[in-house]
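Protein chains in written order, with the working numbering: chain Y, 2 to 337; chain R, 2 to 337; chain H, 2 to 337; chain G, 2 to 337.
4 protein chains.
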Amino acid sequence: MTVKIGVIGTGMIGRDHTRRIQQVLAGAEVVALSDVNADSARAVQADLAPAATVHATGQELIAAPEVGAVLVTSWGDTHEEYVLAAIAAGKPCFCEKPLATTAAGAKRIVDAEVAHGARLVQVGFMRRYDAGYRMLKEAVDNAIGAPLMIHAAHRNPTVPEQYITPMAIHDTLIHEIDVFRWLLDDDYVSAQVVFPRRSKHAHARVADPQVVLLETRKGVRIDVEIFVNCRYGYDIQCQVVGEEGVAYLPEPLAIVMRRDAHLQNAILTDWKDRFVDSYDVELKDFVEAAARGTASGPGSWDGYVAAISSDACVEAQEKSGQIVPISLPDRPALYD
Amino acid sequence: MTVKIGVIGTGMIGRDHTRRIQQVLAGAEVVALSDVNADSARAVQADLAPAATVHATGQELIAAPEVGAVLVTSWGDTHEEYVLAAIAAGKPCFCEKPLATTAAGAKRIVDAEVAHGARLVQVGFMRRYDAGYRMLKEAVDNAIGAPLMIHAAHRNPTVPEQYITPMAIHDTLIHEIDVFRWLLDDDYVSAQVVFPRRSKHAHARVADPQVVLLETRKGVRIDVEIFVNCRYGYDIQCQVVGEEGVAYLPEPLAIVMRRDAHLQNAILTDWKDRFVDSYDVELKDFVEAAARGTASGPGSWDGYVAAISSDACVEAQEKSGQIVPISLPDRPALYD
Amino acid sequence: MTVKIGVIGTGMIGRDHTRRIQQVLAGAEVVALSDVNADSARAVQADLAPAATVHATGQELIAAPEVGAVLVTSWGDTHEEYVLAAIAAGKPCFCEKPLATTAAGAKRIVDAEVAHGARLVQVGFMRRYDAGYRMLKEAVDNAIGAPLMIHAAHRNPTVPEQYITPMAIHDTLIHEIDVFRWLLDDDYVSAQVVFPRRSKHAHARVADPQVVLLETRKGVRIDVEIFVNCRYGYDIQCQVVGEEGVAYLPEPLAIVMRRDAHLQNAILTDWKDRFVDSYDVELKDFVEAAARGTASGPGSWDGYVAAISSDACVEAQEKSGQIVPISLPDRPALYD
Amino acid sequence: MTVKIGVIGTGMIGRDHTRRIQQVLAGAEVVALSDVNADSARAVQADLAPAATVHATGQELIAAPEVGAVLVTSWGDTHEEYVLAAIAAGKPCFCEKPLATTAAGAKRIVDAEVAHGARLVQVGFMRRYDAGYRMLKEAVDNAIGAPLMIHAAHRNPTVPEQYITPMAIHDTLIHEIDVFRWLLDDDYVSAQVVFPRRSKHAHARVADPQVVLLETRKGVRIDVEIFVNCRYGYDIQCQVVGEEGVAYLPEPLAIVMRRDAHLQNAILTDWKDRFVDSYDVELKDFVEAAARGTASGPGSWDGYVAAISSDACVEAQEKSGQIVPISLPDRPALYD
């Protein structure tokens with residue numbers, strides 16, 4: 002059975018997912034496209050999905066009978082509206098992060114899905130589909146004893162002028178916030194942020210680097226360095242310390258060379274290359290679940306928890322040095 | 002356009018390629034199956050391709066009008082016959098190694114394809130599609146100067162009793178024979194084999210380990226250790242030494258751990274895991290070329306050269322210590 | 002000129018330093034020995050320094066005219082007294098850590114040395130003499146831009162029952178406290194300690210692991226994991242993040258092996274092996290300075306600052322989660 | 002007891018060993034110096050050993066009654082004469098390589114030492130004292146099963162114009178020739194040399210790189226790449242493959258950095274830095290044995306076998322591709 006997909010938002014990521022469905026993955030096809038800029042939708046149709054219909058609005062696309070599942074890859078402010086509409090239509094829906102721009106918005110989606118009574122939403126936390134993180138989770142679950150600490154870093158070579166301090170949480174740390182919950186099967190109870198000496202390469206409106214300290218229900222302590230002007234590369238480091246040993250996230254595959262008086266391998270510099278393979282796996286998971294009328298992987302609840310946790314981290318930035326508590330509502334049974 | 006594929010031979014590899022086409026890759030479907038054991042073909046049909054027709058013979062399958070391209074994954078002795086039939090039918094054909102069981106057989110396929118006037122055959126040398134080898138080729142082409150030497154090893158943890166000395170060439174070294182030609186864009190002019198002290202873990206009928214020394218037209222010297230009872234793992238090592246530096250084939254992705262008084266990561270022990278991702282890429286390449294009515298990647302000529310080179314290496318085993326010349330016919334223009 | 006050394010305290014470390022002076026290093030000899038247990042001193046004399054005189058007390062040894070320099074390797078509670086006596090006698094003095102058991106005691110030594118008007122005291126912070134840390138300091142000074150953060154870990158496989166929580170500072174972190182000041186050419190302004198989930202392998206009287214967060218005058222933020230029942234080995238990790246890059250403390254030399262399905266190298270399990278070479282370099286430095294009538298390397302001021310900083314860290318343990326300020330007196334010009 | 006040493010030859014290495022004895026090692030002093038250039042000897046005396054006597058000739062120095070042991074660090078052509086004189090005088094003698102410039106000369110030394118009836122000579126094969134090789138030998142003896150193969154490389158960044166093809170054996174491979182015998186506790190039975198494509202960076206009079214293939218009595222097969230214009234660094238690689246696993250010579254201690262889009266560490270470029278620590282250990286061994294009136298470590302027999310083996314390798318260069326047998330006389334019982 003081929004899953005018939007409608008794509009709302011045909012910018013860079015919407016175009017790329019359309020290519021993925023049309024040219025890479027088995028079992029799905031893009032039958033509908035929509036974008037606030039209709040020319041963009043028509044261009045993607047022409048290039049990648051000539052048989053697809055271009056719809057005037059996302060709502061119309063969701064309502065179209067031939068659309069069996071929805072991809073929401075539009076501007077973040079519109080995510081909540083489209084995901085709610087997809088739930089109302091009972092159609093599986095993949096939504097790029099953020100699920101909603103506020104925790105309250107994410108909660109409305111959770112409530113709608115719980116009312117619907119079955120999972121329909123997958124959120125685009127692609128790291129859970131990365132081969133390296135999956136191997137790390139296997140090691141955390143089976144090889145190093147109970148996890149006690151995580152030491153991590155999220156480094157970008159540089160960021161544009163419009164990147165301001167809270168974006169270090171909402172755009173950068175958000176991936177660690179989700180993936181550590183999943184790695185540890187745990188939730189956060191507090192956050193603290195401290196600011197080291199500022200790098201001379203940081204723009205005026207961003208405190209860079211930052212160190213975020215998180216504490217989980219089980220007592221795991223996490224330190225994450227966020228350094229978005231680190232110069233040398235896009236580099237994601239994660240080390241989990243357990244009662245019996247330590248496990249490291251693998252470095253991306255690279256050619257080791259002896260050259261120019263150095264033993265060396267390249268470090269990626271473009272974030273788009275770091276998890277490129279995980280997008281294929283992520284969408285394959287969506288297609289397979291959608292074929293069964295449901296969703297799996299990171300869902301509405303994870304998007305909601307990420308929003309609450311992020312808000313606490315931003316508050317912890319503002320109250321630098323103070324420990325800010327994080328409290329979560331009870332998890333509905335649907336997400337057990 | 003969906004490529005309609007017929008699969009001849011539904012053993013382990015034929016079943017796996019069928020799964021790949023049906024469940025993983027975009028752009029193709031399995032419409033026909035055949036196996037010397039009809040129950041096997043029917044089981045694959047039932048499990049993976051219910052819409053496919055089961056044919057009584059490979060020849061019948063090749064002749065079937067709905068079949069647009071052929072996968073030959075049957076017993077090695079039958080490859081030549083089916084590939085020749087596919088060429089005769091003008092249908093793109095993917096053939097697992099060996100292309101033929103003799104160099105003469107491979108030559109007949111080359112001759113038939115040359116007579117046909119266009120490429121139709123891809124041979125299953127999957128290492129050319131491995132991400133690590135592709136990165137290594139990029140380094141050889143661009144980062145280390147002219148290649149001068151390769152130091153390599155092909156190690157298996159163990160082999161069954163029926164594995165005898167010449168199989169170290171035909172079943173094991175064959176992959177290095179192809180992939181080094183491709184890495185270097187070069188061909189072999191001689192081979193020598195020397196036998197180190199035998200491992201006590203080697204069965205009586207296999208000399209193990211062996212060291213194969215190859216020389217290329219451009220003067221590159223290659224040493225390959227073949228060690229099929231190395232105990233510790235399935236391990237493929239390749240180091241290219243150039244005028245400006247040295248490049249290494251990457252180790253497979255693995256979790257580094259500190260545990261039990263060791264800094265360590267697992268080494269694969271099952272060869273099937275080593276290049277598992279490259280089968281997807283290899284078949285994707287076949288499907289995309291077949292959609293255009295042709296074939297790309299390793300072809301008949303490569304299968305023929307591999308057969309000639311392997312025969313020289315087996316002769317070099319028999320004349321241990323002697324340097325055995327390798328001479329190739331001129332390459333037809335079709336393969337330039 | 003041979004430096005004539007008296008050794009006070011002939012336990013494990015005093016015996017080992019005597020061996021070092023007698024059998025390894027040029028330029029010095031042990032001429033006097035003393036221990037609260039006279040039999041111990043006589044045994045070291047018999048085994049390693051037959052020409053040495055055994056003195057009844059450390060004070061008598063310090064006063065002996067043939068003694069040109071003093072090694073204080075006795076029980077920690079006695080260090081202050083002997084170091085003060087050596088200063089009073091104007092004799093260069095090497096004192097194993099701690100310089101004194103209280104910051105007030107260390108201050109009395111600083112005051113005495115300042116009154117004397119020249120450096121006479123070296124404290125046994127041997128990490129400053131370790132080849133790896135020296136290479137790291139070179140990188141921090143020249144290769145990674147201004148340092149912004151340090152991520153570090155100090156892990157022991159296990160500790161005895163009598164190891165209690167504050168010993169994680171006084172006996173374990175003390176080495177990081179000194180070596181990071183030296184690496185960064187900086188001092189601490191605050192400390193915070195948080196306690197992750199306790200390892201099930203920790204004894205009842207020790208909170209294990211701990212995370213210590215330090216802030217320096219220049220704004221460098223340091224996180225140090227102390228994990229003294231980590232099981233897997235004695236492991237010292239240190240990573241300095243600068244404006245232009247990251248530098249790592251080298252792992253100790255080890256044989257990498259492929260064996261038992263793992264790529265692996267041994268991690269040390271006995272702390273005594275980790276910095277074994279640095280003791281030779283440390284004492285060589287002492288001997289060379291003593292030959293000139295002075296002392297170099299880590300001195301009284303460093304011992305005093307380490308004591309003040311440690312006391313703040315212990316307070317931070319007691320006030321878990323709170324940031325405890327560290328304030329230092331002005332540094333006397335003698336130590337510039 | 003202090004060993005009183007006379008040094009013959011006060012060039013770079015003689016001066017360095019004098020410094021080592023005077024300033025680094027316990028238990029020895031330089032009491033006599035001699036050089037064909039008397040000014041050189043006087044300069045070393047003035048700088049490092051003011052109490053030493055400068056002798057007009059090496060023979061006079063050897064005969065001087067205050068000289069208890071001799072270091073021969075003069076020009077290679079003179080080694081044989083001085084070592085024979087030291088044996089005749091019954092004085093322990095450390096001789097830098099080569100022991101003699103011909104196998105016949107080395108045999109005369111062996112014969113003289115055998116006639117003397119006890120070991121007096123240590124040859125300067127310092128790699129046996131390198132910490133890394135010692136760890137590797139431990140692994141070969143205990144951790145990887147019976148050794149079957151060695152894959153090795155000896156690379157220099159560049160060599161001067163006067164370096165000609167046979168020097169790749171006499172000056173470069175000579176170290177591997179000795180250290181592999183010691184690692185394996187074995188001897189060579191044949192050698193073969195093949196010449197890869199020449200590097201464009203090689204001078205006209207040197208074939209570069211070369212691959213030397215050695216076979217031992219126990220059947221171990223060794224391939225050594227010699228590449229003396231490899232550009233990127235001075236790099237010694239050694240991998241021993243045994244029945245149960247593979248062990249690697251450790252890389253020298255180095256700071257790993259993330260910088261400039263690379264994970265990297267420096268490779269040494271000056272051969273003098275590679276085994277710098279082993280000279281201390283080597284001479285310490287000489288001093289300790291000389292204090293007992295004997296010699297240990299690599300001796301005359303090893304120097305003789307190295308000469309015979311080297312001669313065979315040079316013949317194998319001249320007969321490129323041919324396997325040249327190596328036959329050794331029986332080893333005198335003195336060297337068991």
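Virtual Cβ for every residue (Gly too), placed ideally from N, Cα, C.
The structure presented is a predicted model; accordingly, all values stated were derived computationally and were not measured.
Just mark residue i as buried or exposed, buried being the case when its beta carbon has 16 or more other beta carbons within 10 Å.
i, result
"MET150 (chain R)", "buried"
"MET2 (chain G)", "exposed"
"ASN157 (chain H)", "buried"
"LEU318 (chain G)", "It should be pointed out that residue 318 (chain G) corresponds to Gln in this sequence rather than to Leu. It counts as buried."
"LYS201 (chain H)", "exposed"
"ASP224 (chain G)", "buried"
"SER321 (chain Y)", "exposed"
"PRO210 (chain H)", "buried"
"MET13 (chain R)", "exposed"
"ASN230 (chain R)", "buried"
State the CB to CB distance for the pair residue i and residue j, rounded to an integer number of angstroms; the pair is presumed to be in contact (CB under 8 Å).
i, j, result
"ALA267 (chain G)", "TYR233 (chain Y)", "Not really, about 16 Å apart at Cβ, beyond 8 Å."
"ILE165 (chain H)", "ARG206 (chain H)", "5 Å"
"ALA53 (chain Y)", "LEU34 (chain Y)", "5 Å"
"VAL141 (chain G)", "ALA248 (chain G)", "6 Å"
"LEU72 (chain H)", "ILE9 (chain H)", "7 Å"
"TYR280 (chain Y)", "ARG21 (chain Y)", "7 Å"
Which first and last residues belong to the alpha helix (DSSP H) in which residue i is found?
i, result
"HIS80 (chain H)", "80-90"
"LEU301 (chain G)", "Inspection of the sequence shows that residue 301 (chain G) is occupied by Ser rather than by Leu. That run of the alpha helix (DSSP H) goes 301-319."
"ASP274 (chain R)", "272-275"
"GLU48 (chain H)", "In the sequence under discussion, the amino acid at residue 48 (chain H) is Asp, which differs from the Glu named in the question. First-last of the alpha helix (DSSP H) with ASP48 (chain H): 39-49."
"HIS18 (chain R)", "13-20"
"LEU137 (chain H)", "132-143"
For a contact defined as C-beta to C-beta under 7 Å, what are the partners of residue i on chain G?
i, result
"PRO251 (chain R)", "Under the 7 Å cutoff, chain G gives no residues; its nearest Cβ is about 13 Å from PRO251 (chain R)."
"SER200 (chain R)", "LEU149, GLU244"
What does residue i touch in chain R if you count any residue whose Cβ is under 8 Å from its own?
i, result
"GLN24 (chain Y)", "ALA27, GLY28"
"ALA70 (chain Y)", "Result: empty, since nearest Cβ-Cβ is about 16 Å, beyond 8 Å."
"MET136 (chain Y)", "LEU254, ALA255, ILE256"
What in chain H is Cβ-close to residue i, meaning under 8 Å?
i, result
"VAL257 (chain G)", "ALA248, TYR249, PRO251"
Identify the continuous beta strand (DSSP E) that holds residue i and give its terminal residues.
i, result
"LYS5 (chain H)", "4-9"
"GLY1 (chain H)", "The question about residue 1 (chain H) has no answer here: the residues shown for chain H are numbered 2 through 337."
"GLN265 (chain G)", "263-267"
"GLN60 (chain R)", "It is not in any beta strand (DSSP E) - GLN60 (chain R) instead sits in the alpha helix (DSSP H) that spans 59-64."
Against residue i, what residues of chain R qualify as contacts under a CB-to-CB distance less than 7 Å, listed in chain order?
i, result
"ALA267 (chain H)", "ALA262, HIS263"
Just to make sure I have the definition right: I need the residues of chain H whose C-beta is within less than 9 Å of the C-beta of residue i. Which are they?
i, result
"PRO210 (chain Y)", "LEU149, MET150, ARG222, VAL242"
For residue i, return the contacting residues in chain Y, with the cut-off set at a CB-CB distance below 8 Å.
i, result
"THR270 (chain G)", "ALA262"
"VAL195 (chain H)", "LEU214, GLU216, ARG222"
Cβ closer than 8 Å: which chain G residues qualify as neighbours of residue i?
i, result
"LYS219 (chain R)", "ARG198"
* Compile a chain-ordered list of the residues in the stretch 227-248 of chain H whose CB is closer than 9 Å to at least one CB of chain R. => CYS231, ARG232, TYR233, GLY234, ASP236
* To do: Could you list the residues in the stretch 319-330 of chain G with a C-beta less than 7 Å from some C-beta on chain R, going in chain order?
  => GLY322, ILE324
* To do: Select from the stretch 112-136 of chain R all residues with a C-beta closer than 8 Å to any C-beta belonging to chain Y, and list them in chain order.
  => ALA132, GLY133, MET136
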